[in-house]
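What follows is one structure encoded as structure tokens, with my remarks underneath.
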Amino acid sequence: VQLQASGGGLVQAGGSLRLSCAVSGSVFSKSVLKWYRQAPEKQREFVAHISVGGNVNYAGSVKGRFTISRDNAKNTVYLQMNSLKPEDTAIYYCKVVQPRGDEYWGQGTLVTVSS
Numbered sequence: 020v021q022l023q024a025s026g027g028g029l030v031q032a033g034g035s036l037r038l039s040c041a042v043s044g045s046v047f048s049k050s051v052l053k054w055y056r057q058a059p060e061k062q063r064e065f066v067a068h069i070s071v072g073g074n075v076n077y078a079g080s081v082k083g084r085f086t087i088s089r090d091n092a093k094n095t096v097y098l099q100m101n102s103l104k105p106e107d108t109a110i111y112y113c114k115v116v117q118p119r120g121d122e123y124w125g126q127g128t129l130v131t132v133s134s
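Take the sequence shown: its letter number 107 is residue 126 in this note's numbering, and every next letter is one higher.
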């Protein structure tokens, strides 16, 4: 299973970015998909989750600003990030949880929000 995250970059506070994570080698349509992030000198933290059926869940710090979605035809999960804040600066990682419970991580994509 391979995950390729993309879409990170430098953006001003208040701006938007859309992250993508293309997954190969997985039973994508039957897998749970998640986004995490890790800020400098901090622990990796949960950001968003989308179930097989499309149910979503968000960390409180991003609720109302971020939207997770999935395209099973393209084997891709997205994270639309709006109203970005400097504290959103982090490396963002996607994760796939397959039906048997085995998990795989992407390599991360850096998001930098300037004030």
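For each residue, glycine too, the CB sits at the ideal point set by N, CA and C.
Residues sharing a beta bridge with residue i, DSSP
| i | result |
| --- | --- |
| Lys-114 | Lys-53, Trp-124 |
| Asn-76 | His-68 |
| Arg-37 | Gln-99 |
| Ala-109 | Val-130 |
| Val-42 | Leu-22 |
DSSP-derived helix/strand/coil call for residue i
| i | result |
| --- | --- |
| Ser-48 | helix |
| Glu-64 | strand |
Beta-carbon proximity list for residue i, same chain, < 8 angstroms, skipping 5 on both sides
| i | result |
| --- | --- |
| Tyr-111 | Ala-24, Gly-27, Leu-38, Trp-54, Tyr-55, Arg-56, Val-66, Leu-98, Gly-127, Thr-128, Leu-129, Val-130 |
| Val-81 | Val-66, Ala-67, Met-100, Asp-107 |
Start-to-end residues for the beta strand (DSSP E) that takes in residue i
| i | result |
| --- | --- |
| Gly-28 | 28–31 |
| Asp-90 | 85–90 |
| Asn-94 | Premise fails: Asn-94 is in no beta strand (DSSP E) and is neither H nor E. |
Beta-carbon contacts of residue i that lie in its chain and below 6 angstroms, excluding the five residues immediately before and after
| i | result |
| --- | --- |
| Glu-60 | none |
| Val-20 | Gly-44, Ser-45, Tyr-123 |
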